[in-house]
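A.B. asks:
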Amino acid sequence: MAERRKIAFLASEAEDAQAARETLIARYGDVPLEEAEVIAALGGDGFMLATLHATQHLPAPVYGMNRGTVGFLMNEYAPTGLTERLAQAEEAVINPLRMRAVTVRGNAHEALAINEVSLLREGPQAARLKISVDGKVRMEELVCDGALVCTPAGSTAYNYSAHGPILPIGSDVLALTAMSAFRPRRWRGALLPKTAVVRFDVLNPAKRPVMADADSRPVRDVAWVEVRSEPSVEHRLLFDPGHGLEERLIREQFA
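By our numbering, the letter at position 203 of the sequence shown is numbered 497, and the numbering carries on one by one without gaps.
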């Protein structure tokens with residue numbers, strides 16, 4: 295029999311998630327987050343991202359159980375056998391992105407993003423962005439609806455919807471993807487080393503305002519945005535055997 299572990303159960307506000315939490319607590323007990331050996335997150339991918347951000351200072355890994363819709367970062371929900379599943383779980387360690395965004399008023403904002411940092415036009419006109427990598431200008435002007443930088447873990451989210459590449463979870467690369475690029479019309483983005491520092495300068499922000507977003511935390515009216523990987527922060531996720539992030543990312547490419 296698998297060793298019983300101290301589990302803290304968190305759930306989204308959805309009715310199914312709350313009901314699942316009550317069921318699981320009745321079976322396995324519940325401990326405060328600070329005492330947990332495993333954190334169980336019940337909800338969808340959005341709730342998983344929120345849980346990872348909220349618990350990144352804690353040593354316990356996070357095991358997600360899907361009570362949402364897509365559930366790409368989640369395991370299948372079942373009220374039984376959780377102790378055995380945790381004993382056999384595979385761990386994936388991912389680093390987030392760090393965004394530094396400065397507004398046209400000169401206010402600086404920083405945030406971490408597990409999936410992607412995206413820039414999006416705020417008004418009816420397309421955004422105009424200058425792109426630099428490691429201090430060197432690589433594109434003087436990108437006219438587009440937006441652009442994003444994503445991690446391998448986030449490459450099947452917004453990036454994939456924008457026709458960006460799916461990245462293997464163990465790859466030391468970031469994807470830079472354009473959204474509805476008008477000029478250069480056929481530019482689809484770039485693959486960059488994980489160590490790269492990407493800077494977007496907004497051209498003519500008064501006429502063509504742009505917002506930046508790090509995992510659904512927006513900063514409006516940005517003048518420039520810098521994005522880099524943050525290796526000092528590690529998020530530990532647990533997956534059932536054969537259903538880890540690496541397998542899921544490969545499977546997505548053959549769907």
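Each residue gets a CB set at the ideal place from its N, CA and C atoms; glycine is no exception.
DSSP on residue 453, reduced to helix/strand/coil?
C.D. replies: Three-state DSSP puts residue 453 in a helix.
A.B. asks: If contact is defined by three or more beta carbon pairs under 8 angstroms, each pair taking one atom from either stretch, is the stretch 306-313 in contact with the stretch 329-349?
C.D. replies: Flag = yes, the stretch 329-349 and the stretch 306-313 touch.
A.B. asks: Does the stretch 407-422 come close enough to the stretch 492-510 that 3 or more CB-CB pairs lie under 8 angstroms?
C.D. replies: At 8 angstroms Cβ cutoff, the stretches touch.
A.B. asks: With a CB to CB cut of under 7 angstroms and the five nearest residues on each side skipped, what residues in its chain are close to residue 483?
C.D. replies: If we look at residue 483 and ignore the five residues flanking it on each side, its Cβ neighbours are 458, 469, 470, 471, 472.
A.B. asks: Examine chain D for any beta-carbon lying closer than 8 angstroms to the beta-carbon of residue 426, and answer yes or no.
C.D. replies: This model lacks chain D altogether; it includes just one protein chain.
A.B. asks: Straight-line CA distance for residue 379 to residue 369?
C.D. replies: Each residue's Cα considered, the two are about 10 angstroms apart.
A.B. asks: Would you kindly check if the distance between the Cβ of residue 521 and the Cβ of residue 396 is under 8 angstroms?
C.D. replies: No, the pair does not count as a contact, with Cβ atoms beyond the cut-off.
A.B. asks: Are at least three pairs of beta-carbons, each pair with one atom in the stretch 532-545 and one in the stretch 380-395, less than 8 angstroms apart?
C.D. replies: Flag = yes, the stretch 532-545 and the stretch 380-395 touch.
A.B. asks: What does a CB cutoff of less than 8 angstroms around residue 402 pick up in its chain, not counting 5 residues either side in sequence?
C.D. replies: Around residue 402: 394, 395, 396.
A.B. asks: Could you spell out the range, first to last residue, of the beta strand (DSSP E) harbouring residue 440?
C.D. replies: 440-444 is the span of the beta strand (DSSP E), which, as asked, contains residue 440.
A.B. asks: Does DSSP put residue 339 in a helix, a strand or coil?
C.D. replies: Helix, per DSSP.
A.B. asks: Say whether the stretch 363-377 touches the stretch 336-355, bearing in mind that this needs 3 or more beta-carbon pairs closer than 8 angstroms, one atom from each stretch.
C.D. replies: Taking 8 angstroms as the limit for Cβ pairs, the verdict is that the stretch 336-355 does touch the stretch 363-377.
A.B. asks: What is the DSSP secondary structure of residue 319, reduced to helix, strand or coil?
C.D. replies: Three-state result, residue 319: helix.
A.B. asks: With H, G and I counted as helix, E and B as strand and the rest as coil, what does DSSP make of residue 460?
C.D. replies: Looking at residue 460 - three-state DSSP - the assignment turns out to be coil, as it is neither helix nor strand.
A.B. asks: Can you name the start and end residues of the beta strand (DSSP E) that residue 397 belongs to?
C.D. replies: 391-397 is the span of the beta strand (DSSP E), which, as asked, contains residue 397.
A.B. asks: Can you tell which of 526, 493, 529 has the C-alpha that lies nearest to the C-alpha of residue 519?
C.D. replies: Closest by alpha carbon: 493.
A.B. asks: Report back the beta-carbon spacing between residue 302 and residue 325 to the nearest angstrom; my notes put them in contact at under 8 angstroms.
C.D. replies: So it is a contact: roughly 5 angstroms between Cβ atoms.
A.B. asks: Do the stretch 345-356 and the stretch 495-504 make contact, defined as three or more Cβ pairs closer than 8 angstroms?
C.D. replies: Too few Cβ pairs lie closer than 8 angstroms, so no.
A.B. asks: What span of residues does the beta strand (DSSP E) with residue 377 cover, start to end?
C.D. replies: Here residue 377 belongs to no beta strand (DSSP E); instead the alpha helix (DSSP H) covers 376-382.
A.B. asks: Looking at C-beta atoms only, is the number of pairs between the stretch 413-425 and the stretch 434-441 that lie closer than 8 angstroms three or more?
C.D. replies: At 8 angstroms Cβ cutoff, the stretches touch.
A.B. asks: Comparing alpha-carbon positions, which option in 524, 475, 416 lies nearest residue 503?
C.D. replies: Ranking the options by Cα distance to residue 503, first place goes to 416.
A.B. asks: Classify residue 373: buried if its beta carbon has 16 or more other beta carbons within 10 angstroms, exposed otherwise.
C.D. replies: When all chains shown are included, residue 373 counts as exposed.
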